[in-house]
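In my numbering, the protein residues as written are 13 to 263.
Glycine is no exception: its CB is placed at the ideal position from the N, C-alpha and C atoms.
A quick write-up on the structure given underneath.
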Ligand SMILES: [Zn+2]
């Protein structure tokens with residue numbers, strides 16, 4: 013009580029957001045709760061939590077690697093097999109498309125990197141504004157005062173909420189890039205990204221100039237462990253990586 017009386021108007025918002033955090037974290041299936049604490053914006057937090065709640069308990073099988081797991085992968089035979097297949101695709105692509113090169117940014121996207129992207133990405137901001145407005149409409153402006161909210165009702169609401177437009181990123185922890193199971197292949201020319209992993213270039217560059225087809229042709233020729241590209245959302249640069257167990261065992 014004393015603490016409550018002590019906080020002024022400015023302090024009240026802070027106190028509420030702290031307990032809102034606690035309530036939302038309670039809804040997050042492990043290990044996703046930890047990621048939420050690194051998303052300060054309430055709308056972005058709700059949008060991520062929506063994905064976490066929808067995965068439920070099976071989220072652990074999909075969750076991004078820890079720093080230790082990334083370190084263990086680095087230089088391993090599995091890592092070398094991945095790099096060799098990327099190199100084969102790059103070589104084929106370069107020969108088929110003189111003047112153009114493949115650029116791949118790393119092979120594992122850390123959770124820190126995913127969080128930083130989530131916290132600044134524009135398509136996430138649009139989704140965040142939409143879900144926060146809907147949340148306030150459903151739970152009242154008081155929705156930010158969690159003592160008044162039934163946690164199970166909020167969980168059900170999150171599961172059912174349908175954003176009108178999909179964010180161009182998976183919620184932090186949920187991308188296959190976080191466990192070396194997906195690679196984005198960008199096209200480079202004269203040392204610069206020419207066709208990037210960027211939805212703004214989807215029609216104007218990837219489709220109009222046929223880079224989707226050209227990349228696919230290299231995959232079909234020399235990338236047996238790459239599957240794709242991703243179609244939902246539409247990302248011609250994104251291929252899942254799933255080496256057959258036999259290929260790894262033969263090393
Ligand atoms: Zn991707």
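To the nearest angstrom, how far is the alpha carbon of residue i from that of residue j?
i, j, result
"residue 63", "residue 215", "28 angstroms"
"residue 173", "residue 143", "8 angstroms"
"residue 179", "residue 250", "15 angstroms"
"residue 140", "residue 53", "8 angstroms"
"residue 147", "residue 43", "24 angstroms"
"residue 198", "residue 31", "42 angstroms"
"residue 162", "residue 33", "15 angstroms"
"residue 40", "residue 106", "45 angstroms"
"residue 88", "residue 113", "26 angstroms"
"residue 228", "residue 243", "13 angstroms"
"residue 252", "residue 237", "8 angstroms"
"residue 246", "residue 37", "31 angstroms"
"residue 102", "residue 168", "46 angstroms"
"residue 100", "residue 226", "14 angstroms"
"residue 98", "residue 60", "31 angstroms"
"residue 71", "residue 188", "12 angstroms"
"residue 133", "residue 127", "10 angstroms"
"residue 65", "residue 164", "11 angstroms"
"residue 116", "residue 94", "12 angstroms"
"residue 150", "residue 181", "25 angstroms"
Using only the heavy atoms of ligand 1, determine whether one of them is closer than 7 angstroms to the beta carbon of residue i.
i, result
"residue 247", "yes"
"residue 50", "no"
"residue 207", "no"
"residue 189", "yes"
"residue 250", "yes"
"residue 194", "yes"
Applying the 10 Å Cβ sphere with the 16-neighbour rule, what's the burial state of residue i?
i, result
"residue 46", "exposed"
"residue 1", "A question about residue 1 goes unanswered here, because the residues of the chain that appear run from 13 up to 263."
"residue 35", "exposed"
"residue 256", "exposed"
"residue 211", "exposed"
"residue 110", "exposed"
"residue 158", "buried"
"residue 213", "buried"
"residue 203", "exposed"
"residue 254", "exposed"
"residue 152", "exposed"
"residue 194", "buried"
Using CA atoms only, rank isn't needed, just tell me which of the options is closest to residue i.
i, options, result
"residue 125", "61, 245, 50, 65", "50"
"residue 96", "65, 158, 119, 240", "119"
"residue 200", "84, 192, 209, 194", "209"
"residue 121", "81, 243, 254", "81"
"residue 196", "206, 241, 220, 168", "241"
"residue 183", "160, 92, 76, 69", "76"
"residue 175", "193, 145, 151", "145"
"residue 78", "245, 192, 228", "192"
"residue 248", "237, 223, 238", "223"
"residue 239", "245, 246, 231", "231"
"residue 73", "185, 244, 157", "185"
"residue 67", "123, 171, 234, 253", "171"
"residue 221", "206, 235, 104", "206"
"residue 58", "187, 84, 226, 166", "166"
"residue 268", "151, 135, 130, 150", "With the chain running from 13 to 263 in the structure shown, residue 268 is simply not present."
"residue 48", "131, 181, 149", "131"
"residue 129", "86, 160, 190, 217", "190"
"residue 234", "92, 85, 104", "104"
Quick one: does residue i have its CB under 8 angstroms from some CB of chain B?
i, result
"residue 45", "Note that chain B does not occur in the displayed structure, where there is just one protein chain."
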